[in-house]
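What follows is a single structure, written as structure tokens, with notes after it.
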Amino acid sequence: MKKRTLLAVPLSMSLLIPTAVMAEDHGSKANGGNADTSVSTPASELRSALGHLFTEHAFLAIETLKKGADGTEDFDALAGALGQNTDDLTAAVSSVYGEEAGAQFKEIWSSHIGYFVDYATATKANDQAGKDKAVEQLGEYIVEQAAFLETATEGRLKAADLEAGLKMHVDQLVWAFDSYVAGDYETSYMNEREAIGHMTMVAAGLSTAITDQFPDKFENSMAVTPAADLRAALDQVFTEHAGLAVMAMQNGVDGDPDFDASAAALLANADDLSAAVASVYGEEGGAAFEEIWKSHIGYFVDYVTATANDDQAGKDKAMEELDGYIVEQAAFLATATEDRLPAADLEAGLTEHVDQLLAAFDQYVAGDYEASYASMREAYAHMLMPSAGLSQTIVDQFPDKFSGQSMPDGMPKTGMGGTADQDGMPYEWFLLGGLLAAALGGAFTLRRRSNEA
Amino acid sequence: MKKWFGGILGISLLLTACQAEEAAPEQTVEKQEVSNMEASSSTKTALTLNDSQLTASKLIKDERQGISPSRLRIPAINVDAPVDATGLLDNGEMDVPNDIVSTGWFENGYMPGEPGNSVIAGHVDGKNGPAVFYDIGKLEIGDEVLVTGDEGQELTFVVERVEIYPVNDSPLREIFGFSNGSRLNLITCTGEYNKEGSFYEDRLVVYTTLKTT
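The listed protein sequences correspond, in order, to chains A and B. Our numbering numbers the first residue of the first sequence as 208 and each following residue consecutively. Our numbering numbers the first residue of the second sequence as -13 and each following residue consecutively.
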């Protein structure tokens, strides 16, 4: 049985730890790609790269639409960042399927971003017919995009599954946007988080199909293994942290009405991350992590507050506190991982994270939106590093939890030959034979019993 | 930079088109907001983190959930059989039920209903006659396969295709691997019976997909 209840963590994190059954059942054979305990196999790298870009797409798309509805100054720069994400995705598709397919992908993919923008524009203009048309075009896009991917993967991805997944993506984005416009920010941010999470499944499916299609290119490794699942789950929460942090800081300094909801979304992300830590290092470890991790979010908010009040001393103090946080967070992780992650490396990585977020914020406040969103994309991508490092460390530390074989090496033996080579004979004969055997067996048993008696 | 412009060209064009219409009135509104903020800037900003749980009026998410199967019914061929959980043999092959009336769900893999390929295997025959999956090769596209979970949940799968593979040349990843769709694949033996090795040379796989309402 799959012991999902083993972990009191959100469903989105359930991929993190393989089932107890897997942990028990391994042991025998670990050949082939499917029990690979590296988080950095070629297939896992592909999955991580696609997950990065797909989740970032969902995040950037929703944020862009919201900026569009608000008509803010930074809209063009953010739309530009979304366009860069499309370029990166196109490059990934081209690297697998060639330039021509890449160009075709880009055309289709960009079309759906355009329809979303049409929807946002129509919303702003209170133009119901325009909204309806955009929704209709998004429906056409879904069919086109699904057909493209089914063809590219030679049927490994089914159009019907793709259409269902794409429809969910479209519905999530539209609803996150609609609820934002309606002022229901909590609903908006919760659906934004769902939309981001949904893209990780899309990445798992596409990377599975690609690695199955080009096994040699990926050294026969598999995109979905317990170790790769752990990395993908950490990729998702870590990168999302960076994205949500940037937006919460913006909302804070602008005095936006959705600040509370965006900060709560950032803290909900922190809860997911803490639950992940707890599932590996225990409840106490999770609670300790949560306290430290949330402290740095608090210091960022202090920095935002000081910026809003033009309070240099307050900013300096917040930066000092962030420096202290870096040392504390690094020490925690170094201890938890039994120094598999050295404190010095962690401090370097965390310093970069803090610097990127502060840069994205300062540039935003200064009105240099292009630089700000470039910093944000860097910060988002940077989080893949701690994710890769931490996930491999956890796998190394608890190898038994990740060495389970989720796929057999061979097909089951599902026949004993009792109906083989009996051409022309109706199988009722065999049924009769079975009954006879059963009867004889029964008689035998009875005789045995009577002998014993 | 060139690349960047290329990337956003499509979007920018669309946007400038719409913004042109909106520009004038919107900017006025925006300016008002800005001046409001400036006016109130004498009051100090004090942001606090409110660690409360978010609630959504509606959450759009993947509602699919896997079930631990306990019963399998295939009305088209009169199958109604218990499902046992099975794992791996020492040689890495998928294990099978010990009897010819039960079926075996590969519990190391996916659960029926969740994204991924779940697998239930059953014998085609015993030593003396047909077994539970004797007729699954007769299933046709569109036939239904009903799975009941250990808590009574019921899922319906629909037959998509039936394939036959040589036993050592079966696409294991396609049959057992991850997929975005929720699939259930039924496996049994077919083909020539190798008497020396006591095994059938081929495997028959019925691919089914979750029926969505």
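Note that CB positions come from ideal geometry on N, CA and C, so glycine has one too.
Contact of Ser38(B) with chain A by beta-carbon distance below 9 Å involves Asp467, Ala471 and Leu474. DSSP, reduced to helix, strand and coil, places Met454(A) within a helical segment of the structure shown. Three or more beta-carbon pairs separated by less than 8 Å link the segment 528 to 536 of chain A to the segment 490 to 503 of chain A, which places the two stretches in contact. Comparing alpha carbon positions, the residue from Arg159(B), Ser165(B) and Asn180(B) closest to Met618(A) is Arg159(B). With a cutoff of 8 Å on beta-carbon distance, Gly52(B) and Tyr120(B) are scored as not near each other.
Taking a cut-off of 8 Å on C-beta distances, the segment 37 to 55 of chain B touches the segment 372 to 380 of chain A, as three or more cross pairs fall below it. In the pairwise beta carbon analysis, the segment 417 to 424 of chain A is classified as not touching the segment 487 to 500 of chain A: fewer than three pairs are separated by under 8 Å.
Per DSSP, Ala366(A) is one residue of the alpha helix (DSSP H) stretching across Ala366 to Val388.
Across the set Ala471(A), Ala455(A) and Gln519(A), the C-alpha of Ala455(A) shows the shortest separation from the C-alpha of Phe507(A). Relative to Phe496(A), the option among Ala250(A), Thr328(A), Leu540(A) and Phe282(A) whose CA is nearest is Leu540(A).
Apart from the 5 residues on each side of it in sequence, Asn458(A) sits with its Cβ closer than 6 Å to the Cβ of Asp465, Phe466 and Ser469 in its chain, given in chain order. Ala42(B) reaches chain A at Glu393, Thr394, Met397 and Asn398, counting residues in chain order whose Cβ is nearer than 7 Å. Ranked by Cα distance from Ser255(A), the options Leu380(A), Leu441(A) and Ala276(A) are led by Leu441(A). As the crow flies, the alpha-carbon of His405(A) is around 48 Å from that of Ala627(A). Taking all protein chains shown into account, Val381(A) has 16 or more neighbouring C-beta atoms within 10 Å of its C-beta and is therefore buried. Within chain B, the residues Lys44 and Ile46 have their CB atoms less than 8 Å from the CB of Trp382(A), given in chain order.
DSSP places Arg584(A) in the helix class (H, G or I) of the three-state scheme.
Look at Asp111(B) here: in three-state DSSP terms it is strand. For chain B, the residues of the segment 363 to 389 of chain A that bring a beta carbon within less than 8 Å of one of its beta carbons are Arg363, Leu364, Lys365, Ala367, Asp368, Leu369, Ala371, Gly372, Met375, Asp378, Gln379, Trp382 and Ser386, in chain order. With contacts defined as CB atoms closer than 8 Å, Thr244(A) and Ala434(A) qualify as a contacting pair. With 16 or more other CB atoms across the displayed protein chains lying within 10 angstroms of its CB, Ala581(A) is buried.
Just so you know, the alpha carbons of Lys30(B) and Leu289(A) end up roughly 34 Å apart. The closest CA to that of Ser165(B), considering only Phe421(A), His448(A), Val431(A) and Ala383(A), is found on Val431(A). A direct Cα-to-Cα measurement between Arg189(B) and Thr621(A) gives close to 8 Å.
Here DSSP, grouped into helix, strand and coil, assigns Arg57(B) to strand.
Residue pairing by DSSP places Ile173(B) opposite Ala107(B) and Val191(B) in a beta bridge. In this structure, Ile106(B) sits away from Leu141(B), with a CB-CB distance that is not shorter than 8 Å.
DSSP places Ser317(A) in the helix class (H, G or I) of the three-state scheme. The contact set of Asp419(A) on chain B, defined by CB atoms closer than 9 Å, consists of Pro157, Arg159, Glu160 and Gly163 in chain order.
By the rule that beta-carbons nearer than 8 Å mark a contact, Ile106(B) does not touch chain A. Annotation for Pro549(A): Ala541 place their beta carbon closer than 8 Å to its own, counting only its chain and skipping 5 residues before and after. Under the DSSP assignment, Pro619(A) falls outside any beta strand (DSSP E); it carries neither an H nor an E label.
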